[in-house]
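Beneath this line is the structure, given in structure tokens, with notes to follow.
In the working numbering, the protein residues as written are 2 to 322.
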């Protein structure tokens, strides 16, 4: 997988030091805006990236690139992903995939027509501890309640309170607590139970954006609650309660550093299957495999899941409006 990194923000800086843990991944190029050229060249030198681009079309036209990682602001995901698919590149797109369901449908049609891989980068789905949960749900029996909490006082919240609206708090750019943090909890729940029957979202709204809120997913016999906040801190964990036991995942749903579980009347046991030092390694190892093997079956399965998540987000945001 010869990768062009589209973007040079914090998530890129977080992951690049761990590329060596992804066999088969080669850093062919990085793209960023012209004012970021010095930063791009610093990343190039530090991580051995072959080429630097400040023109997106030139980057996408590079024949040495077969895959792009879209790591730009949320509002640009659709446009950049579409251009990459039209250029014949496989696309790994950061969460949230896109902002509108019709956008995902268009990207999916393009990827299918051109026989390309299109996939959402969402760490939750690929973590070893999350896979363990999926494989051992029967331990808890019939699931009654799931709760996933991700609250983290944003480093940009003070500026927002003072009147400066940065992308993280701009609803037009896909900002807000639900799109930034709640999406991980949604992936956690929907990955286990699928698309819910009903969705409702009650939020604290300031200047048109949800700074925190509570999302309820109704599955009939199971109720899932997702709490997300960028305006306050709180305990971060996810828990699954069933008639025969429970599972608790410590930490945020995009990391899940450890688990504990117990059957009814039994003693709790701890589980940690984490192998790698960074949460993104496992997803990129799987992306490399999917692209190398041209696994369109897995592509389609993952796209179905992303569509279910986007449906939840759409209904929640419509209710917010």
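For each residue, glycine too, the CB sits at the ideal point set by N, CA and C.
Because the structure is a prediction, the values reported are computed rather than measured.
| At which residues does the beta strand (DSSP E) containing residue 54 begin and terminate? | Indexing the chain shown from 1 puts residue 54 at position 53. Residue 54 -> beta strand (DSSP E) spans 52-54.
| message | For residue 41 and residue 17, I'd like the C-alpha separation in whole angstroms. | response | What you label residue 41 is simply residue 40 of the chain shown in a count that begins at 1. What you label residue 17 is simply residue 16 of the chain shown in a count that begins at 1. Roughly 12 Å separates the two Cα atoms.
| query | Three or more C-beta pairs closer than 8 Å, one from the stretch 146-161 and one from the stretch 221-238: is that the case here? | reply | yes
| request: Using only alpha-carbon positions, find the residue among 76, 74 and 13 that is nearest to residue 50. | output: Working through the chain shown from its first residue, we reach residue 50 at position 49. Comparing Cα positions, the closest option is 13.
| task | Evaluate residue 65 with the Cβ neighbour count: other Cβ atoms within 10 Å of its Cβ, from every protein chain shown; 16 or more gives buried, anything less gives exposed. | result | As a first step, residue 65 is located in the chain shown; it is residue number 64 there, counting from the start. With fewer than 16 other Cβ atoms within 10 Å, it is exposed.
| said: With the cut-off set at 7 Å, would you say residue 137 and residue 310 are in Cβ contact? | reply: Along the chain shown, read from residue 1 onward, the residue named residue 137 stands at position 136. Along the chain shown, read from residue 1 onward, the residue named residue 310 stands at position 309. Not a contact, by the Cβ cut-off of 7 Å.
| said: Less than 6 Å between C-beta atoms, sequence neighbours within five positions excluded: which residues of the same chain meet that for residue 315? | reply: Indexing the chain shown from 1 puts residue 315 at position 314. Closer than 6 Å at Cβ, skipping near neighbours: 102.
| request: Go ahead and label residue 135 buried or exposed: buried means 16 or more other beta carbons lie within 10 angstroms of its beta carbon, across all protein chains shown. | output: Along the chain shown, read from residue 1 onward, the residue named residue 135 stands at position 134. Exposed.
| query | Which first and last residues belong to the beta strand (DSSP E) in which residue 28 is found? | reply | As a first step, residue 28 is located in the chain shown; it is residue number 27 there, counting from the start. Taken as a continuous stretch (DSSP letters only), the beta strand (DSSP E) holding residue 28 covers 27-32.
| query | Using CA coordinates, which residue listed in 291, 296, 183 and 27 is at the minimum distance from residue 48? | reply | In the chain shown, residue 48 corresponds to position 47, counting from 1. It is 27 whose Cα lies nearest to the Cα of residue 48.
| Assigned secondary structure, residue 205 (DSSP; H/G/I helix, E/B strand, else coil) | Sequence index remark: in the chain shown, residue 205 carries index 204 (1-based). In this structure, DSSP gives residue 205 an extended state, which the three-state scheme calls strand.
| message | How far does the alpha helix (DSSP H) with residue 106 in it extend, from its first residue to its last? | response | Your numbering for residue 106 matches position 105 in the chain shown. Taken as a continuous stretch (DSSP letters only), the alpha helix (DSSP H) holding residue 106 covers 102-114.
| query | Which one or two residues does DSSP pair with residue 270 in a beta bridge? | reply | Locating residue 270 in the chain shown gives position 269, counting from the first residue. For residue 270, which the question treats as bridged, DSSP gives the partners 262.
| said: Using a Cβ-Cβ cutoff of less than 6 Å, which residues in the same chain neighbour residue 99 once the five nearest sequence positions on both sides are dropped? | reply: Your numbering for residue 99 matches position 98 in the chain shown. Answer for residue 99: 78, 79 and 105, listed in chain order.
| residue 270 to residue 91, Cα distance in whole Å? | For the purposes of this step, residue 270 is taken as the residue at position 269 of the chain shown. For the purposes of this step, residue 91 is taken as the residue at position 90 of the chain shown. Taking the straight line from one Cα to the other gives about 41 Å.
| Using CA coordinates, which residue listed in 29, 6, 56 and 306 is at the minimum distance from residue 191? | Within the chain shown, the letter at position 190 stands for residue 191. Distance check between residue 191 and each of 29, 6, 56 and 306 places 306 closest, using alpha-carbon atoms only.
| query | How would you label residue 265, buried or exposed, when you count the other beta carbons within 10 angstroms and need 16 or more for buried? | reply | Translated into positions along the chain shown, residue 265 becomes position 264. Exposed, since its Cβ has fewer than 16 Cβ neighbours within 10 Å.
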